[in-house]
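This report refers to the structure that appears directly beneath it.
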Amino acid sequence: MGSESYGSNTSGKLMKKMKEESEKGNNVKRKQGGFITMPPIFANEVCEKLAVVGFTTNMINYLTKQLHMPLTKAANTLTNFGGTSSLTPLLGAFIADSFAGRFWTITIASIIYQIVENLSLSLSRTHICAHTHTIGRWR
Numbered sequence: 091m092g093s094e095s096y097g098s099n100t101s102g103k104l105m106k107k108m109k110e111e112s113e114k115g116n117n118v119k120r121k122q123g124g125f126i127t128m129p130p131i132f133a134n135e136v137c138e139k140l141a142v143v144g145f146t147t148n149m150i151n152y153l154t155k156q157l158h159m160p161l162t163k164a165a166n167t168l169t170n171f172g173g174t175s176s177l178t179p180l181l182g183a184f185i186a187d188s189f190a191g192r193f194w195t196i197t198i199a200s201i202i203y204q205i206v207e208n209l210s211l212s213l214s215r216t217h218i219c220a221h222t223h224t225i226g227r228w229r
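In this text, residue positions in the sequence shown follow the working numbering: the first is 91, and each later residue adds one.
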């Protein structure tokens with residue numbers, strides 16, 4: 091069998107064939123995609139769904155027990171959050187394809203995300219007061 095694996099031997103033959111074809115003037119491109127790209131994409135989707143389910147479960151408990159929000163209002167809040175989270179990639183894709191391009195869309199969206207995250211963290215800080223039993227009551 092030798093020290094080379096089947097994949098590297100096949101890859102070497104393919105590279106040799108591509109070099110011969112390019113010398114003839116024919117540009118040959120390697121095939122991209124296919125089943126080799128499917129497992130990382132599938133694993134990413136599985137991990138994302140597990141994170142969303144864990145986030146939703148924890149947020150229901152947090153909204154109902156810590157913030158004393160009614161269950162129906164907490165469920166409605168998380169449904170709205172999930173719907174908005176599902177639609178924002180479509181908005182980003184539209185902006186990237188129509189106006190800004192992929193790099194600038196990701197860069198600007200990341201900057202906006204950091205600004206909003208820092209503002210929400212600073213605004214969510216609880217105020218120091220003498221009546222701590224009123225903090226976290228949903229009105």
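C-beta: ideal position from N, C-alpha, C; glycine also.
Owing to the predicted nature of the structure, the values given are computational and were not obtained by experimental measurement.
Query raised in the report: Would DSSP call residue 130 helix, strand or coil?
Result: What you label residue 130 is simply residue 40 of the sequence shown in a count that begins at 1. It is helical.
**Report entry** the stretch 168 to 186 touching the stretch 144 to 158, judged by at least three CB pairs closer than 8 Å
**Finding:** yes
Query raised in the report: Apart from the five residues just before and just after residue 164, which ones in its own chain have a Cβ nearer than 7 Å to its Cβ?
Result: For this step, residue 164 is matched to residue 74 along the sequence shown. Excluding residues within five positions, the ones whose Cβ falls inside 7 Å are 150, 153, 154.
Query - With 16 other Cβ atoms within 10 Å as the buried cut-off, status of residue 128 - result: Translated into positions along the sequence shown, residue 128 becomes position 38. It is exposed - the Cβ of residue 128 has fewer than 16 other Cβ atoms within 10 Å.
Query raised in the report: Roughly how many angstroms lie between the CA atoms of residue 135 and residue 177, to the nearest whole one?
Result: Position 45 of the sequence shown, counted from the start, is the residue given in the question as residue 135. Position 87 of the sequence shown, counted from the start, is the residue given in the question as residue 177. Taking the straight line joining both Cα atoms gives about 16 Å.
Report task. Measure the alpha-carbon distance for residue 195 versus residue 180 and round it to whole angstroms. Result -> Walking along the sequence shown from the start, residue 195 turns up at place 105. Walking along the sequence shown from the start, residue 180 turns up at place 90. Cα to Cα, the separation comes out at about 12 Å.
Query - Neighbourhood of residue 147 by C-beta, 6 Å cutoff - its chain only, sequence neighbours within 5 removed - result: One-based indexing of the sequence shown puts residue 147 at position 57. None.
Query raised in the report: If we call anything under 9 Å between Cβ atoms a contact, is residue 206 one with residue 172?
Result: Position 116 of the sequence shown, counted from the start, is the residue given in the question as residue 206. Position 82 of the sequence shown, counted from the start, is the residue given in the question as residue 172. No.
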